[in-house]
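For the sequence shown, our numbering gives the first residue as 4, with consecutive numbering after it.
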Amino acid sequence: MPSGSCMCGEITISYSGEPKYTAICHCNDDRKIGNIVVYQIDETKFQITSDVKPKEWTMKSDFGRDITNHFCATCGTVMFRTGGSPSVKGLVGLRAGVLDDQNTVNNSAPMMEVYVERRPKWRAEIEGAIQMNSNYEIIGGMKKEQDMLKSTSNE
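Below, the structure is given as structure tokens:
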């Protein structure tokens, strides 16, 4: 069971199974909080394992939807996000950088990139990843992942 923690170790998390999908988003919000890979985990398979619970701060996304940041009040590490796009309803957007085993992140590229028009010019497209624009329209990427995404959004 993968596990993780904030920088000071006060908040710990774990999840079972595999992420529904993995992504990197180039929106302004994600760029400000570190722009690392996000693992979309079914909320029923995710748990906070520490006695200390994250502090929450809710804001409006680029589309005017509520998105909540869950972070450590001591060290400030953003652990995960909830809300936002209807496509992530019932999912927890775990910041992969909090995982204890960083080989998990090192050994697998994200399945998709979002807000690709905001990708830094010096950063190459992730080979094989679904490419989505800021309207969440698929504009490129592998067919297999596109089919997976469509089946996820129909659930």
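Quick reminder that beta carbons are idealized off the backbone N, C-alpha and C, glycines included.
Can you list, in chain order, the residues of its chain with a C-beta nearer than 7 angstroms to that of Val91? Leave out the 5 residues immediately preceding and following it.
To locate residue 91, count along the sequence shown from 1; it is residue 88. Listed in chain order, the non-local C-beta contacts of Val91 below 7 angstroms within the same chain comprise Gln43, local neighbours out to five positions each way being set aside.
Can you say whether Ser8 is buried or exposed, counting buried as having 16 or more other CB atoms within 10 angstroms of its CB?
Sequence index remark: in the sequence shown, residue 8 carries index 5 (1-based). So Ser8 ends up on the buried side.
Measure the alpha-carbon distance for Thr25 versus Gln105 and round it to whole angstroms.
Walking along the sequence shown from the start, residue 25 turns up at place 22. Walking along the sequence shown from the start, residue 105 turns up at place 102. Going by C-alpha positions, Thr25 is about 15 angstroms away from Gln105.
For the stretch 79-95 and the stretch 61-70, state whether three or more C-beta atom pairs, one from each stretch, are separated by less than 8 angstroms.
yes
With Val162 as the anchor, note down where its beta strand (DSSP E) starts and where it stops.
Look at the range of the chain in this structure, 4 to 158, and you will see that residue 162 is not part of it.
Could you tell me if the beta carbon of Val40 falls within a distance shorter than 8 angstroms of some heavy atom in the ligand ATP?
Among the components of this structure there are no ligands whatsoever, and the ligand ATP is therefore not found.
Check whether chain B comes within 9 angstroms of Glu59, counting only Cβ atoms and requiring the distance to be less than that.
The structure shown contains no chain B; it holds only a single protein chain.
Applying the criterion that 16 or more other CB atoms from any shown protein chain within 10 Å of the CB defines a buried residue, is Cys28 buried or exposed?
Position 25 of the sequence shown, counted from the start, is the residue given in the question as residue 28. Classification of Cys28: buried, given that the 10 Å Cβ count is 16 or more.
So for Gly20, helix, strand or coil by DSSP?
Mapped onto the sequence shown, residue 20 falls at position 17. If DSSP states are grouped into helix, strand and coil, Gly20 belongs with coil.
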